[in-house]
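Peer 1: For the sequence shown, our numbering gives the first residue as -10, with consecutive numbering after it.
Where is the CB? At the ideal position from N, CA and C, for every residue including glycine.
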Amino acid sequence: MRIISRTVCSAMIFIILLMGCSTIDNQTTILQEKNGWKLVWNDEFEGKEIDTMKWQHETGGWGFGNNEDQFYTNDSANSYIDNGKLVIKALKQEHEGKPYTSAKLITKDKADWTYGRFEFRAKLPIGQGMWPAIWMMPTDMDKYGGWPSSGEIDIMESLGHAPDQVHGTLHMGNPHYYKGGQMKLNEGSFAEKFHVFALEWTPTEMRWYVDDKEYYHTSSWFTRKDEKANNEPGAAPFNREFYIQLNLAVGGNWPGYPDETTIFPQTFEIDYVRVYQPDHGNYDLDHELK
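1. Going by alpha carbons, who is nearest to Leu113 out of Asp268, Asn72, Pro267 and Ile259?
2. Drop a sphere of 10 angstroms on the beta-carbon of Ser11, count the other beta-carbons inside from all chains shown, and report buried for 16 or more, exposed for fewer.
3. Closest to Thr62 by CA distance: which of Tyr261, Tyr246, Phe109 and Lys78 is it?
4. Please return the same chain residues whose Cβ sits closer than 7 angstroms to the Cβ of Gly134, not counting the five positions on each side in sequence.
5. Helix or strand or just coil, what does DSSP make of Ile233?
6. With respect to the beta strand (DSSP E) encompassing Lys74, which residues constitute its N-terminal and C-terminal limits?
7. Whose C-alpha, out of Glu249, Val264, Glu108 and Gln45, is nearest the C-alpha of Lys81?
8. If you check the beta carbons only, do Met119 and Gln234 fall under 7 angstroms apart?
9. Would you tell me roughly how many angstroms separate the C-alpha atoms of Glu203 and Gly157, rounded to the nearest one?
10. DSSP three-state call for Asn31: helix, strand or coil?
11. So what does DSSP say about Glu203, is it helix, strand or coil?
12. Give the secondary structure of Ser147 by DSSP, where H, G and I count as helix, E and B as strand, and everything else as coil.
13. Could you give the C-beta distance for Leu94 and Ser68, rounded to a whole number, given that I count them as a contact under 8 angstroms?
14. Under three-state DSSP, which class holds Asp248?
15. Compute the Euclidean distance between the alpha carbons of Asn220 and Phe211, then round it to the nearest angstrom.
16. Figure out for me which residue from Val185, Asp143, Ile144 and Asp40 has the closest Cα to the Cα of Ala111.
17. Going by DSSP, what residues sit across from Gly134 in a beta bridge?
18. Based on the DSSP secondary-structure assignment, which residues constitute the bridge partners of Glu57?
19. Could you say which of Trp243, Val29, Glu38 and Val262 lies nearest to Glu146 if we only look at CA atoms?
20. Just grab the DSSP bridge partners of Pro267 for me.
21. Measuring only the C-alpha atoms, how far is Glu83 from Ser91?
22. Among all the DSSP beta bridges, which residues are the ones paired with Ile259?
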């Protein structure tokens, strides 16, 4: 009887282990492949420190073209890994003439992509003057004549005084032209829990999602170097490598500035960043991936 019991126990343990391995395999498959997309780059923020092989800090306090009121630092007080998440923290503290500090992380000179699915799970800050953003800029800023002709892809932006709404936008052309959409939650805010923000960018279309629900798409864009020039032919300016930027701005032309209702510190938490490409290696223009 003991031999039989041990055999049964061993079999049960084997089945449990097999089920566990199967679960892990399934999770890996979900991570590696999603609706025809294959994972090519990611950061799950599982280490103790920010991975400098994937990210670098952009520092400074020059307003970044929007009259922003923060100084971006590379200090661990403003950006760090905590419990498997990247935390970008805005603090009310003076630094080099600016009243606030925060952080901006970019993949420039580390990684860039032409087309793909770009997916981020994040929880946003709240309060007047808070301006978190997930966006992309071209590696070659000069090809089409600098900004805005060079193009800009805003995957997610939010204004802290409207924490139930996010925006997705394309910037292009000269003079400056932009187009985009917004998504508003039925209840609650993006500061209460994590949501998944994604962009699917193909040669002929861009699609914006929140929690896998599409809220905006476009299949037309253009650019030109100056007002007197003709439009560039083809899919310019969104036909070359762009890199990722993650930041939490404080104040600026669009969100306005913090007031007596704004509570500091505020955090922008990113659970993961995942970049996918077509699993067959190319884009089928007659049948776009969905």
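Peer 2: Taking the definition as stated:
1. Within the sequence shown, the letter at position 124 stands for residue 113. The shortest Cα separation from Leu113 among Asp268, Asn72, Pro267 and Ile259 belongs to Ile259.
2. Indexing the sequence shown from 1 puts residue 11 at position 22. The pLDDT assigned to Ser11 is 39, lower than 50, so where the model puts this residue is not dependable, and the model offers no usable value.
3. Your numbering for residue 62 matches position 73 in the sequence shown. Checking every option, the nearest Cα to that of Thr62 belongs to Lys78.
4. Translated into the one-based positions of the sequence shown, residue 134 becomes position 145. Only Asn163, Lys214 and Asp215 meet the Cβ criterion.
5. Residue 233 sits at position 244 when you count from the first residue of the sequence shown. The answer is strand: DSSP assigns Ile233 an E or B state.
6. The count along the sequence shown starts at 1 and reaches residue 74 at position 85. Residues Lys74 to Ala79.
7. On the sequence shown, position 92 is the one that residue 81 refers to. Comparing Cα-Cα distances from Lys81 to each of Glu249, Val264, Glu108 and Gln45, the minimum goes to Glu249.
8. Residue mapping note: residue 119 aligns to position 130 of the sequence shown, counting from 1. Residue mapping note: residue 234 aligns to position 245 of the sequence shown, counting from 1. No. Outside cutoff.
9. The residue labelled residue 203 in the question sits at position 214 within the sequence shown. The residue labelled residue 157 in the question sits at position 168 within the sequence shown. Between Glu203 and Gly157, the C-alpha separation is close to 11 angstroms.
10. For the purposes of this step, residue 31 is taken as the residue at position 42 of the sequence shown. Correct three-state label for Asn31: strand.
11. Residue 203 sits at position 214 when you count from the first residue of the sequence shown. Strand, per DSSP.
12. Taking the first residue of the sequence shown as 1, we reach residue 147 at position 158. Of the three classes helix, strand and coil, the one that applies to Ser147 here is coil, per DSSP.
13. The residue you call residue 94 lines up with position 105 of the sequence shown. The residue you call residue 68 lines up with position 79 of the sequence shown. Contact holds; Cβ gap of about 6 angstroms.
14. What you label residue 248 is simply residue 259 of the sequence shown in a count that begins at 1. Note: Asp248 maps to coil in three-state DSSP.
15. Here residue 220 is taken as the residue at index 231 of the sequence shown, counted from 1. Here residue 211 is taken as the residue at index 222 of the sequence shown, counted from 1. Computed Cα separation, rounded: 7 angstroms.
16. Position 122 of the sequence shown, counting from 1, holds the residue named residue 111. Cα-wise, what sits closest to Ala111 is Val185.
17. Mapped onto the sequence shown, residue 134 falls at position 145. Gly134 pairs with nothing; no bridge assigned.
18. Position 68 of the sequence shown, counting from 1, holds the residue named residue 57. Beta-bridge pairing links Glu57 to no other residue.
19. Counted from its first residue, the sequence shown places residue 146 at position 157. Measuring from the Cα of Glu146, the nearest candidate turns out to be Trp243.
20. To locate residue 267, count along the sequence shown from 1; it is residue 278. Trp26.
21. Counting from 1 along the sequence shown, the entry for residue 83 is found at position 94. Counting from 1 along the sequence shown, the entry for residue 91 is found at position 102. Those two C-alpha atoms are separated by around 11 angstroms.
22. Position 270 of the sequence shown holds residue 259. Note: Ile259 sits in a beta bridge opposite Leu75 and Ala111.
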